[in-house]
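Colleague:
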Amino acid sequence: MNERPEEPNPASDEESLLPIDEHIEEGHDAEGRKVRHRGIYLLPNLFTTANLFAGFYSVINAMSGNFSVAAAAIFVAMVLDSLDGRVARLTNTQSAFGAEYDSLSDMVAFGLAPALLAFEWALADLRSVGLAVAFIYVAGAALRLARFNTQIGKVDKRYFIGLASPAAAGVVAGTVWAFSDFGIKGSNMSFIVALLVAAAGALMVSNIKYHSFKDLDLKGRVPFVAILVVVLAFAVVFSDPPRILLLIFLAYAASGPVQYLLQLRRRKQVE
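Those letters in the sequence shown? Residues 11 to 281, per this note's numbering, in order.
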């Protein structure tokens, strides 16, 4: 028997009286022995909870007609989503619970919130067509997240298969934020927004590869000029966040199909 017995918990009798069961997760220690962990890690799940709240806050503001605030909340959720995973890896607090919780939070922040935002701002005027387009995006985000969870550890970490849900949300939220900030009504752009939202949903479930940038070495030394480039990038983004962020995410979303077409062209030339 190589299984380590679970440590007794003196408060087990008291905890059994609570209407909430304690989370117990099985894993392996450094020697490969099976162990059982009680409870969850607080720090990374705090960032995930903040990500979930940002998505919820976006939904509330979209329903209230505060479209710029709703779009900005989605971008805040992106920052929080990038932090929870990095914090978990840096502090060695990764867990199956955290991974599942992160996916559910992403579904709200990058699946439901952008679709509802686009629907309230522009797609509602298309009625059933707008509803169908918004659902295509939501379904695409759900399928994208489910496929991503099943591919962890099986695909090249340097690439995403299909457009990542935060990037798709950036395209949708950036469009609403950039144009609503100018006072442009979504009803004047319903057809264009419908095409954009449907395209984002389709790209999430496609087999087109996108660079994940996970191979970047953030711990190593870099030339001094690199920090100047980072400062310049921040200055450019903050000079006009809605338009600059929209251009960045549109360029990233288009990079996958462009590279795919270039690869097809090279194959035809070789043949």
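Glycine included, C-beta positions come from ideal geometry on N, C-alpha and C.
Just confirm the distance between the C-beta atoms of Leu127 and Ser68, as a whole number of angstroms; I'd bet it's less than 8 Å.
Modeller: Confirmed, Cβ separation roughly 7 Å.
Colleague: Hey, would you say Leu62 sits closer than 8 Å to Val148, going by beta carbons?
Modeller: In this structure, Val148 does not lie closer than 8 Å to Leu62 by Cβ.
Colleague: What separation, rounded to the nearest whole angstrom, lies between the Cα atoms of Glu24 and Trp187?
Modeller: Confidence in Glu24 is poor, its pLDDT being 49 and thus under 50, which makes the residue's placement unreliable; the coordinate value appears in the next sentence. Their Cα atoms are separated by approximately 50 Å.
Colleague: Starting from Ile171, follow its DSSP beta bridges and name the residues at the other end.
Modeller: DSSP output for Ile171 lists Lys219 as bridge partner(s).
Colleague: Alpha carbon to alpha carbon, how far is Ser265 from Phe234?
Modeller: Cα to Cα, the separation comes out at about 29 Å.
Colleague: Could you give the DSSP three-state label for Gln269: helix, strand or coil?
Modeller: The answer is helix: DSSP assigns Gln269 an H, G or I state.
Colleague: Which value, in whole angstroms, describes the spacing of the CA atoms of Ile146 and Pro252?
Modeller: Cα-Cα distance, rounded: 25 Å.
Colleague: Do Leu136 and Ala80 have their beta-carbon atoms positioned less than 8 Å apart in this structure?
Modeller: For Ala80 and Leu136, no; Cβs fall outside 8 Å.
Colleague: DSSP three-state label for Arg137, please.
Modeller: In the structure shown, Arg137 sits in coil (DSSP, three-state: anything other than H, G, I, E or B).
Colleague: Using a 10 Å radius around the Cβ and a threshold of 16 neighbouring Cβ atoms, would you call Gly75 buried or exposed?
Modeller: The residue in question, Gly75, is exposed, as its Cβ has fewer than 16 Cβ neighbours within 10 Å.
Colleague: Buried or exposed: where does Thr160 fall if 16 or more other Cβ atoms within 10 Å of its Cβ makes it buried?
Modeller: It counts as exposed.
Colleague: How about Ala263 and Val181: do their beta carbons lie closer than 8 Å?
Modeller: Yes, the pair counts as a contact, with Cβ atoms nearer than the cut-off.
Colleague: Could you tell me which whole alpha helix (DSSP H) segments of length 4 or greater appear in the region 174–210?
Modeller: Listed in chain order, they are 175–190.
Colleague: Could you spell out the range, first to last residue, of the alpha helix (DSSP H) harbouring Asp116?
Modeller: Here the alpha helix (DSSP H) through Asp116 covers 106–116.
Colleague: With 16 other CB atoms within 10 Å as the buried threshold, where does Asn102 fall?
Modeller: Flag for Asn102 reads exposed.
Colleague: Hey, out of Arg96, Ala134, Leu93, Phe107, whose CA is closest to Met73's CA?
Modeller: Checked all of Arg96, Ala134, Leu93, Phe107; the closest Cα to Met73 is Ala134.
Colleague: Would you mind reading off the limits of the alpha helix (DSSP H) that contains Phe248?
Modeller: Segment 234–249, the alpha helix (DSSP H) holding Phe248.
Colleague: Excluding the five sequence neighbours on either side, which residues of its own chain have a C-beta within less than 6 Å of the C-beta of Ala123, listed in chain order?
Modeller: Cβ within range, chain order: Gly65, Ser68, Val69, Ile84.
Colleague: If you follow the alpha helix (DSSP H) that Asn71 is part of, which residue opens it and which one closes it?
Modeller: That run of the alpha helix (DSSP H) goes 52–73.
Colleague: Could you please give the first and the last residue of the uninterrupted alpha helix (DSSP H) stretch that includes Val97?
Modeller: Looking at the DSSP string, the run of the alpha helix (DSSP H) that includes Val97 is 77–100.
Colleague: State the CB to CB distance for the pair Ala178 and Phe120, rounded to an integer number of angstroms; the pair is presumed to be in contact (CB under 8 Å).
Modeller: The pair is a contact, with the Cβ atoms about 7 Å apart (cut-off 8 Å).
Colleague: Please report the distance separating the alpha-carbon of Ala156 from that of Leu90.
Modeller: Near 20 Å, if we compare the C-alpha coordinates of Leu90 and Ala156.
Colleague: Once you ignore the five residues that flank Pro267 on each side, which residues in its own chain have a CB closer than 8 Å to its CB?
Modeller: Cβ within range, chain order: Leu213, Ile218.
Colleague: Taking 8 Å as the limit between beta carbons, can you name the residues of its chain near Val97, skipping five residues before and five after?
Modeller: Hits under 8 Å: Leu53, Pro54, Phe57, Thr103.
Colleague: Report back the beta-carbon spacing between His221 and Arg154 to the nearest angstrom; my notes put them in contact at under 8 Å.
Modeller: Wrong, their Cβ atoms sit about 16 Å apart, outside the cutoff.
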